[in-house]
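Here's the structure we're looking at; comments come further down.
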Amino acid sequence: MFILKMAERMSDIAGVIAALLTIPLIASLVYEVFSRYVLGSPTYWVYEVSYMLMGSIFALAMGYALKIKQHVSVDLIYARLSARSKAVVDVIGYCAFGFAVWWMTIELFASVINAYQNGEVTGKSAWSPVVWPVYTTWFLGFFMLGVQVIAELIKATATLISGKAWEGNA
Amino acid sequence: ADVNWKMATPWSGGPWLERDVKGYAKRVADLTEGRVDITVYPGGTLYSPLKVTEGVQKGVAEIGNNWMGYDWGIDKTGVLFAGYAGGLTPEGYMLWMYKGGGLELWQQWRQEEFDVISYPCAILGTDIFLHSTKRIQTLEDFQGLKLRTAGAWADIASRLGASTVVMSGGEVYSALERGIIQAAELGTPEINLPTGLQDIAQYVIVPGIQNPGGLLECQVNKEAWSELSEHDQKMLKLAGKLSVFESWLDSSAADLDAFRELQEGPNEIVELEQSFIDEAARVTREWAEEQATADPWFKEVLESQTDFKNKLKTWSEYRLPIGSLAD
Amino acid sequence: MTSYVAFLMFPALLILILAGFPIAFSMISVALVAGYLQFGDGVIFQLLSKMDDVATNSVLAAVPLFIFIGAMLERSGIAERLFDAVHVWTRRVPGSLGVSAVLLGTIFAAASGVVGATETVIGMLAVPIMLKHAYDKSLISGTICASGSLGTVIPPSITVIVLAPVANVSVGDLFAGLLFPGLVMAALFIAYVVGIAMLKPAFAPREEETPVLSISQKIRMTVFALVPTMALIFTVLGTILLGIATPTEAAACGAAGTLILSLAYRTFTWGILWNALRRTASITAMILLIVLGGNMFAGVFFASGGMDSVQSLLSTLGLSGAGAVTAILVLAFLAGFVLDLISVVLILIPLAMPIVTGYGVDPVWFAVTFLVVLQTSYLTPPMAPSIFYLRAITPPEITLRHMYRGVLPFIGMQLVTLVLVILFPGLVLWLPEQMSGPSW
Ligand code: NA
Ligand code: NA
């Protein structure tokens, strides 16, 4: 299905970006230690950059983690259910969770606009950069998660109707 | 009770929560004869401890207790009321608030910019300047000092020559113990003593020029406020004023005891030289004027506060300083 | 009406989770519904403010870094060399791989206070090798969960730093008080692993079929595999303990170190790096989403009247002395099942301390006991974060059933520690007394 393919492609791309952000996270913190001991002064920016990168890795990889079934569940009972019963659990769960995710996504979008217009800054250090770029990565992360939840919902609904477990890649 | 309110705070524990905020809730119950029942939630248990104002605006908590400096990222004006290096002593703050026009500005600013009903409900004493592993007395000692601090003072201390390190509150103790930082500032003697910073840093540096005094606010969601009778609205504000007075008594007495304990203990208490204090005041003025050019509210409040500070100059000409009549 | 909503949250969560819906998703969904019933639209602000707390918490930057270290060492084969080198010397010790895992857990616990991070890094290092040596899957699971859980009790730990001022005890006293109970726990874990390996050799088989190496071969292997990797680990730990870097910074140096190490061993490929990066991202998302979900669930639970109910439950029980202390510890244990540890501390400790000290109980002793109980709760099924984290990094052949069965004996060891702490308060109080006063 085209929509499913698109959704999963998007999750993959977000996952790739999240994975790549690990490199600047390592580099910036190593630079902080280097700057403090070799150059003799702490940086003014690494503290804020490090939590921003961590938060972005987290947010952007949420949908990718769902796609590759990384999010942990207790499947003692689930594993014994028929394909259709599994689909019932999934449909109910993803409807409720999807609602939460999409609502947060919309609200985060409003936060991005709001923070951009008010020029809101973090206020966490003397550097105190604007917050809208960080909010944007969270918004994108929740958006990708929402897209992937819809993809899972489509798969579960198809199973519910056909009674057969979803096969193949989208 | 007619109304049951949830009160958000930034405090996870300690006297600000247990004594001042819970004392305020108790006073409200007494003055409204039980019509307004307030349950106090420790910081972060309702929602983010740094977003008290936003949560009250949105009605997640009907009432909040807050240090206005936490709204720093959105509006810097709050530090002028909440306390910063250029502020007033506790006694000065009380006078400016209730007799110098401070309160009117405070309420107007909160109303216009944040749409909440706000009034003072606790006073904060003078902080300890530093718990330090290095002896700091002059501006020269301060150069390159690896100092953990936050907010306005992080900016000002950097301009004074310190290497300010930013880290989360949870890391401060271990970082000071292991030498990643050389000094940290936190709060008043009463607040600092239980943290044990004095056990890992030899020097206690005074006076707390980075925070000579300050105020905590109580803020109420507008819709919740309008549900109260006019009489009860008055009682909530009166309870705030009483709490300011009570917290001045309680924290002053507790600080006296805590500071004596520090003095009698093994730490060395170091007093900053006047030249350091003067230079810090100059840099702070510069900093505040920069903020004022960018923000009309900041400018207006700063002017009122500066005028009142100048008025207070004559204080020492006709009054003896507290403690001067000791044997 | 309000506390009625609060208490329906628990069965609702349990049903969703037992039905097999992902844990983090279940917590968020229940929090949303219950919060909406209580606050209407305001709930979304409450939930997102928790995102703000979690996603801007710099201490949590250690999570992706530790995972990256684990993934790199595993994929580049360094972990295997390390364990092989250890194995050469300890082959005769029953359960030597398990013992190494516990020791590694203790070492990482001393480096970091972020529990999930400690557990994932040890798991990534040890699980594949223990599997290769045909260790019993339950034993593997239990060992990793238990070693990972040491992060809360062995200093430093964020929970301790939050707890200390709320309980009005010094951080230093609490760290000192926790040290011996933490070491006792680690020792009991090791004793259990050795014991089971002796009683049931099939659980932890000793490798017999490999050719016997000469001493010079052994030394050669050690110098090439053990020394550089241990040097890396001690660089991470050393920089923290010597005050050169914060735990997060040291983790980053360690991550850079693993890259250098894999280059030096000539096992580095772009494929390995890419694979490690992707695992880092997905496991980070999984762990932090559980942390976030726990925070959201706790916030809504407390705000919906859960805090009042828990507190009035304590006061209406009207217990005294040992009864009161027991009731508080039981509540902490139950609360630790779902709620994030820091919320449990903030809600229960302010209530507990006056009651506890009123009966003349030592506050440091009580705080330590409280933390041991919380840690046990972290390990105890069905709601056991330790197991959820392990789940994310183990191959599917290790099932949840193995994990649930595997942690039980280690919970037993935890309880033994608890009993020891209660019977011999000196275990907690001796060190703080010796260390009281200034450390400079
Ligand atoms: Na630890
Ligand atoms: Na548990």
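Protein chains in written order, with my numbering: chain A, 1 to 170; chain B, 1 to 327; chain C, 1 to 440.
Note that CB positions come from ideal geometry on N, CA and C, so glycine has one too.
Original post:
Y171(A) to I17(C), Cα distance in whole Å?
Top reply: One cannot answer for residue 171(A) here, as it falls past the ends of chain A, which runs 1 to 170.
Original post:
Taking S100(C) as the reference, which of V372(C), V330(C) and S147(C) has the closest Cα?
Top reply: When C-alpha distances from S100(C) are compared across V372(C), V330(C) and S147(C), the shortest belongs to S147(C).
Original post:
From I57(A) to P350(C), what does the alpha carbon distance come to, in whole angstroms?
Top reply: In this model, I57(A) and P350(C) are separated by some 35 Å (Cα to Cα).
**OP:** Would you be able to state if there are at least three C-beta pairs under 8 Å between the region 112 to 132 of chain C and the region 358 to 370 of chain C?
**Re:** In the pairwise beta carbon analysis, the region 358 to 370 of chain C is classified as not touching the region 112 to 132 of chain C: fewer than three pairs are separated by under 8 Å.
Subject >> Cutoff 8 Å; reference V89(A); Cβ partners in own chain excluding five residues on either side >> reply: Result list for V89(A): Y78 and L81, in chain order.
Original post:
Would M124(C) pass as a contact of G294(C) if the rule is Cβ separation under 8 Å?
Top reply: Between M124(C) and G294(C), the C-beta gap is not smaller than 8 Å, which leaves the two residues out of contact.
**OP:** For A392(C), collect the residues of the same chain with a Cβ closer than 6 Å to its Cβ; drop the 5 residues on either side in sequence, then sort them by chain order.
**Re:** For A392(C), the CB contacts under 6 Å within the same chain, skipping 5 residues up- and downstream, are I283 and M286 in chain order.
**OP:** Could you name the residues of the same chain whose beta carbon sits closer than 6 Å to that of V130(A), not counting the 5 residues immediately before and after it, in chain order?
**Re:** Cβ neighbours of V130(A) beyond the five flanking positions: V121.
Original post:
Leaving out the 5 sequence neighbours to the left and right, which residues in its chain are closer than 8 Å to I156(B) when beta-carbon positions are compared?
Top reply: Within the same chain, A85, Q210, A280, V283, T284 and W287 come within 8 Å of I156(B) by CB-CB distance, once the 5 residues on both sides are set aside.
Original post:
Cβ of I161(A) within 8 Å of Cβ of L4(A)?
Top reply: For I161(A) and L4(A), no; Cβs fall outside 8 Å.
**OP:** Starting from the beta carbon of I158(C), find every residue of chain B whose beta carbon is closer than 7 Å, and list them in chain order.
**Re:** The contacting residues are G170.
Original post:
In whole angstroms, what is the alpha-carbon distance linking P409(C) and T22(A)?
Top reply: Our two residues, P409(C) and T22(A), have alpha carbons roughly 37 Å apart in a direct line.
Original post:
Does the beta carbon of V49(A) sit closer than 8 Å to a beta carbon anywhere in chain E?
Top reply: No chain E is present in this structure, whose protein chains are A, B and C.
Subject >> Alpha-carbon spacing of L403(B) relative to E317(B), whole angstroms >> reply: No statement about residue 403(B) is possible, as the shown extent of chain B runs from 1 to 327 and does not include it.
Original post:
What does T195(B) touch in chain C if you count any residue whose Cβ is under 8 Å from its own?
Top reply: Simply A164, P165, S170 and V171.
Original post:
Does DSSP classify A170(A) as helix, strand or coil?
Top reply: Summary for A170(A): the model assigns pLDDT 44, below 50, so the residue's position carries little reliability, and this model does not support an answer.
Subject >> CB contact below 8 Å: P350(C) versus chain A >> reply: Chain A, which has no Cβ nearer than 8 Å to the Cβ of P350(C), makes this no.
Original post:
Using 8 Å as the limit for Cβ to Cβ distance, is D52(C) near chain B?
Top reply: It does: the Cβ of D52(C) has a partner Cβ on chain B nearer than 8 Å.
**OP:** State the DSSP-derived secondary structure class of R159(B), mapped to helix, strand or coil.
**Re:** In the structure shown, R159(B) adopts helical secondary structure according to DSSP, grouped into three states.
**OP:** In angstroms with no decimal places, state the Cα-to-Cα distance between G406(C) and I144(C).
**Re:** Computed Cα separation, rounded: 10 Å.
Original post:
Which partner residues does W5(B) have in the DSSP bridge list?
Top reply: Secondary-structure assignment with DSSP links W5(B) through a beta bridge to I38(B).
**OP:** For V147(A), collect the residues of the same chain with a Cβ closer than 8 Å to its Cβ; drop the 5 residues on either side in sequence, then sort them by chain order.
**Re:** Result list for V147(A): A7, M10, S11 and G63, in chain order.
Original post:
Where does Y51(A) land, buried or exposed, given buried means 16+ other C-beta within 10 angstroms?
Top reply: With 16 or more other Cβ atoms within 10 Å, it is buried.
Subject >> Reference Y47(B); option with closest CA among T39(B), A61(B), G34(B) and D37(B) >> reply: The shortest C-alpha separation from Y47(B) is found at A61(B).
**OP:** Check the Cβ-Cβ distances between D155(B) and every residue of chain A, and say whether any is below 8 Å.
**Re:** At least one CB atom of chain A sits nearer than 8 Å to the CB of D155(B).
**OP:** Can you tell me which of T77(B), D115(B), G13(B) and C121(B) puts its alpha carbon nearest to the alpha carbon of M235(B)?
**Re:** If we check each option's Cα against that of M235(B), C121(B) comes out closest.
**OP:** Could you check how far apart the C-beta atoms of F77(B) and F298(B) are, in whole angstroms? I think they sit under 8 Å.
**Re:** Strictly speaking, residue 77(B) in this sequence is Thr, with Phe absent from that position. Between F298(B) and T77(B) the Cβ distance is about 5 Å, and since that is below 8 Å, they are a contact.
**OP:** Would you decide whether I219(C) is buried or exposed? Buried here means 16 or more other CB atoms lie within 10 Å of its CB.
**Re:** Label assigned to I219(C): exposed.
Subject >> Interface flag, L32(C) vs chain B, CB-CB below 8 Å >> reply: At a cut-off of 8 Å between beta-carbon atoms, L32(C) makes no contact with chain B.
Original post:
Terminal residues of the continuous beta strand (DSSP E) containing L215(B)?
Top reply: Its beta strand (DSSP E) spans residues G214 to N221.
Original post:
DSSP state of K173(A), grouped into three classes?
Top reply: Since the first residue of chain A shown is 1 and the last is 170, residue 173(A) is not available in this structure.
**OP:** Report buried or exposed for S41(A), applying the criterion of at least 16 other Cβ atoms within 10 angstroms of its Cβ.
**Re:** Around the C-beta of S41(A), fewer than 16 other C-beta atoms lie within 10 Å, and the residue is accordingly described as exposed.
Original post:
What's the C-alpha gap between I136(B) and S275(B)?
Top reply: Distance from the CA atom of I136(B) to the CA atom of S275(B), rounded to whole angstroms, is 13 Å.
Original post:
Should Q202(B) be flagged as near chain C, meaning a C-beta pair shorter than 8 Å?
Top reply: Yes, Q202(B) counts as interfacial toward chain C.
Original post:
Would DSSP call Y135(C) helix, strand or coil?
Top reply: Under the three-state reduction of DSSP, Y135(C) is assigned to coil, being neither helix nor strand.
Original post:
Taking Cβ positions, are F297(C) and V63(C) nearer each other than 8 Å?
Top reply: Between F297(C) and V63(C), the C-beta gap is not smaller than 8 Å, which leaves the two residues out of contact.
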